[in-house]
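Quick note: the sequence shown uses the numbering used here, first residue 37, plus one each step. We put the beta carbon where it would ideally sit given N, CA and C, even for glycine. Structure first, then comments.
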Amino acid sequence: MCVRLLQNGAGGQAIIAVLTMACLGSARLCARLGHISARRKTPGAVVDPLVRAAFFKTQACSNSSSTSAAAPLVPSASSIQQSYTAKRALGTMHTQHPGSLPREDHTPVDPYRLLEDDLKEVYADMRQELIINTNQKLLQTISTYYFDGQGKAFRPMLNILMARAVNCHLDVHNGKLLPAQRSVAMIAEMIHTASLVHDDVIDQADMRRGKPSAPALWDHKKVTIAGDFILSVASQMIARLRNPDVTQVLSMVLTDLVQGEFMQLGSKETENERFAHYLTKTYRKTASLTANSLKAVVMLAGGDESISDVAFQYGRNVGLAFQLVDDLIDFISNTETLGKPAMNDLKAGLATAPVLFACEKYPELNPMIMRRFEEPGDAERAFELVHKSNGLEQTRFLARKYNMEATRLANSLAESPFQKALVTAADIIINRMK
Ligand code: FPP
Ligand code: MG
């Protein structure tokens, strides 16, 4: 059984995800992915070990292990970036491959610690953008409600990490670049949040991140308009970037999000069609935002198509892994951990990856999927069958495949703390429990 899925990203690039589901043993499905080739940088050439040791001792640029005694334990991202430039310049004097440093420290880099300064004010800044754009007090209150900084901040973190990693890779540093890239991080988070506001109205959700949802607190019409308002402010921020290519890439996110949400309302007859439909829906609803916003930060840095495609594909793979884990968690977590009801997807009529995989072993799931688990007892029976099948393991396996591809792409960038943190970020996404 082989499903070939073609999706067109912005800029006319074809994104090809080949999902080959082959039998493992008697009834087991495994998902194997074919990947688009991202241009890999030549591995770092050999540098005189003494020279290398010398600059690792004197430059406060890499991880804490390679900082000088006088340097703070966790140097700021900007000081890392500046000293990285010096280190890279020295590196290019001794290697034939400018930009590719020898890989020698495999200590994981914590992205949240690394970006502490960058992320500290990001939610306050988004709230501020919303507040200054209206004098309607209630609109201010509703539209800022989800920007309380209590979320995981995955999207801003990924955007700023990619921005800093690529700025190191391309060796571009100017005062206006990072603020513009940080603005893309905010725009992406605002688009995401606007879509959650609308989604909570559509799903009639009571809770979001452990607190009452916006529609549980306010009139649905006002909440819907507050979602529109967030989107309108994000659009102004896009316009302020004054970059038509970036505008096009970020607009694509909106088209994808709306289509993804729409696709979720429908289902397909056959197993093959269903999986392809699920993956396209997942790309549009979740992965397009990370893929295109990461691409946008590279475009702002002046990266060519090969490097913007690395960012796009990293974001796409991380986004797909994120959603697969989300779909898995819905079956194994509880309301307290999730901050929203568990078994939510089945109750909402959605057949996600665990159910689609479980179908192979338990075909009785097929009619339930077609009637969107509407009959009494459907959701509970489907839940039981998913747990009896290998659907959860297969979903995790597929998520790991995407995670491995994201890691490979992150490793194709020149080594820097930010590049390493992109690897950690992909791992955080795959190992999360909420
Ligand atoms: C959460 O899904 C919802 C999304 C990620 C996107 C929703 C998109 C729209 C409502 C289209 C409109 C878009 C804009 C930009 C206004 P979920 O219900 O699976 O997850 P949940 O459990 O977190 O609610
Ligand atoms: Mg929802």
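The alpha helix (DSSP H) enclosing F409, as first and last residue numbers: Here F409 belongs to no alpha helix (DSSP H), and DSSP marks it neither H nor E.
Name the one or two DSSP bridge partners that R244 has. K247
When DSSP labels each residue in this structure, what does D363 get in the three-state scheme? helix
State the DSSP-derived secondary structure class of R468, mapped to helix, strand or coil. If DSSP states are grouped into helix, strand and coil, R468 belongs with coil.
For A337, tell me which candidate among G211, P144, L174 and Y182 has the shortest Cα-Cα distance. G211
Which residues mark the beginning and the end of the alpha helix (DSSP H) in which T202 is found? It is Val, not Thr, that sits at residue 202 in the sequence shown. From DSSP, the alpha helix (DSSP H) with V202 extends over F190 to L206.
Could you check if G263 belongs to the surroundings of the ligand FPP, using beta carbon to heavy atom distance under 7 Å? yes
When we look at the beta-carbon of F298 and count the other beta-carbons within 10 Å, is it buried (16 or more) or exposed? exposed
Verify whether the separation of the beta carbon atoms of L434 and L360 is less than 8 Å. yes
Alpha carbon to alpha carbon, what distance is there between M406 and P144? 44 Å
Given this structure, state the Cα-to-Cα distance separating R310 from N402, to the nearest angstrom. 11 Å
Validate contact between the region 416 to 428 and the region 325 to 337 using beta carbons, cut 8 Å, 3 pairs: no
If you run the structure through DSSP and keep just helix, strand and coil, what is G427? Here DSSP, grouped into helix, strand and coil, assigns G427 to helix.
May I ask you to check if the CB of K321 is nearer than 7 Å to at least one heavy atom of the ligand FPP? yes
Could you check whether the Cβ of P297 sits closer than 7 Å to any heavy atom belonging to the ligand FPP? Here residue 297 turns out to be Glu, not Pro, going by the sequence shown. Within the cutoff, so yes.
At a cut-off of 7 Å, would you count A241 as near the ligand MG, judging by its Cβ distance to the nearest heavy atom? yes
So what's F348 in DSSP terms, helix, strand or just coil? helix
Please report the distance separating the alpha-carbon of L421 from that of Y398. Their Cα atoms are separated by approximately 7 Å.
May I have a chain-ordered list of the alpha helix (DSSP H) segments no shorter than 4 residues that lie completely inside the region 235 to 297? 250 to 253 and 256 to 276, all fully within the region 235 to 297.
State whether the region 243 to 261 contacts the region 161 to 168, with contact taken as three or more CB pairs (one from each stretch) at a distance under 8 Å. no
Distance check for Q272 and F409, CA to CA, integer angstroms please. 41 Å
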